[in-house]
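Engineer: Letter 80 of the sequence shown, counting from 1, is numbered 89 in our numbering, and no numbers are missing.
A virtual CB, placed ideally from N, CA and C, is assigned to each residue, including glycine.
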Amino acid sequence: MITHFPKTHAPGLFFREGIKKFIKNGSLVPSSKYLGKMMLKSVEMKQGVFIVELGAGTGTFTKMILSEMPKSGRLVVFEINPILAEYLRWQIVDPRIMIIEADAVDMVSHLSNLNTNKPNYIISGIPIGNMRPSLRKSLLSAVHETLAEDGLFIQFQYFLASLVAIRKFFHTKIIGYEYRNIPPAFVYSCSKKIL
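#1: At which residue ranges does the stretch 83-146 contain complete beta strand (DSSP E) runs of 3 or more residues, listed in the order of the chain?
#2: Measuring CA to CA, which of Val114, His119, Leu49, Ser41 is closest to Val85?
#3: Throw me the rounded Cβ distance for the Arg64 and Ile135 pair, which I believe falls under 8 Å.
#4: How many angstroms separate the CA atom of Gly68 from the CA atom of Ser40?
#5: Going along the chain, which residues of its own chain have a beta-carbon closer than 7 Å to the beta-carbon of Lys202, five neighbours each way excluded?
#6: Looking only at its chain, what residues have a beta carbon closer than 7 Å to the beta carbon of Lys156, apart from the 5 residues adjacent to it on each side?
#7: Output the distance between the C-alpha atoms of Arg189 and Asp159, rounded to the nearest integer angstrom.
#8: Mind checking Leu148: buried by the 16 CB within 10 Å criterion, or exposed?
#9: Tyr186: buried (16+ other C-beta within 10 angstroms of its C-beta) or exposed?
#10: Tell me which same chain residues have a C-beta within less than 7 Å of the C-beta of Ser81, skipping the five on either side of it?
#11: On the DSSP letters alone, give me the boundaries of the beta strand (DSSP E) that Ser200 sits inside.
#12: What did DSSP end up calling Gly45 once you bin it into helix, strand or coil?
#13: What does Gln166 pair with, by DSSP beta-bridge criteria?
#14: May I ask you to report which of helix, strand or coil DSSP gives Gly185?
#15: Using only alpha-carbon positions, find the residue among Asn90, His153, Ala94, Glu53 that is nearest to Ile74.
#16: Got a sec? Which residues, its chain only, sit under 7 Å from Ala111 by beta carbon, not counting five neighbours each side?
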């Protein structure tokens, strides 16, 4: 396992991992800061805010979240790719963050082991449109179970293909379309339905 990345450039690392695991990565380039701003515009960075990020990649959203989060906030990141998870640990040293190298589908058990409140926000960069329908349903169910009752699930997608699946679990609205991202992306803000 790699223990340091002294000459690593984030887009290059993301591209290499994207080529190897395109279905799971969903892209060959990291998300843009423009998309990050749109993802975070519904997030209220109040004292003690608890955010879970799914599929952090090389940390574009992660760094933006931490830059706006108060000292009392907490961020738990799920990244399934071991190389990217290690890169995040190497690049980001902050007492507010915990990086878990695991499938986000298993977030319920991981978060219950932390004995913490439910997150106020779950911010996802996971390419749910690439997932098998049964796995996508499992992920959305886990997000629904994990999220605080008044919380928000924020997801981006390049196409609207999974909107119907998301709406089975959440009241969903499209809050924007970021054309400056590569590729351009829709952003959804989702609140829990009573199932």
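Structural biologist: Let me lay it out:
#1: 83-87, 106-109, 130-133
#2: His119
#3: Rather than Arg, the amino acid found at residue 64 in this sequence is Gly. Between Ile135 and Gly64 the Cβ distance is about 4 Å, and since that is below 8 Å, they are a contact.
#4: 9 Å
#5: Phe178, Phe179, His180
#6: The sequence shown places Leu at residue 156, not Lys. Lys127, Pro128, Ile131, Phe162, Lys201, listed in sequence order.
#7: 31 Å
#8: buried
#9: exposed
#10: Gln56, Gly57
#11: 194-201
#12: helix
#13: Phe195
#14: strand
#15: Glu53
#16: Phe87, Ile89, His119
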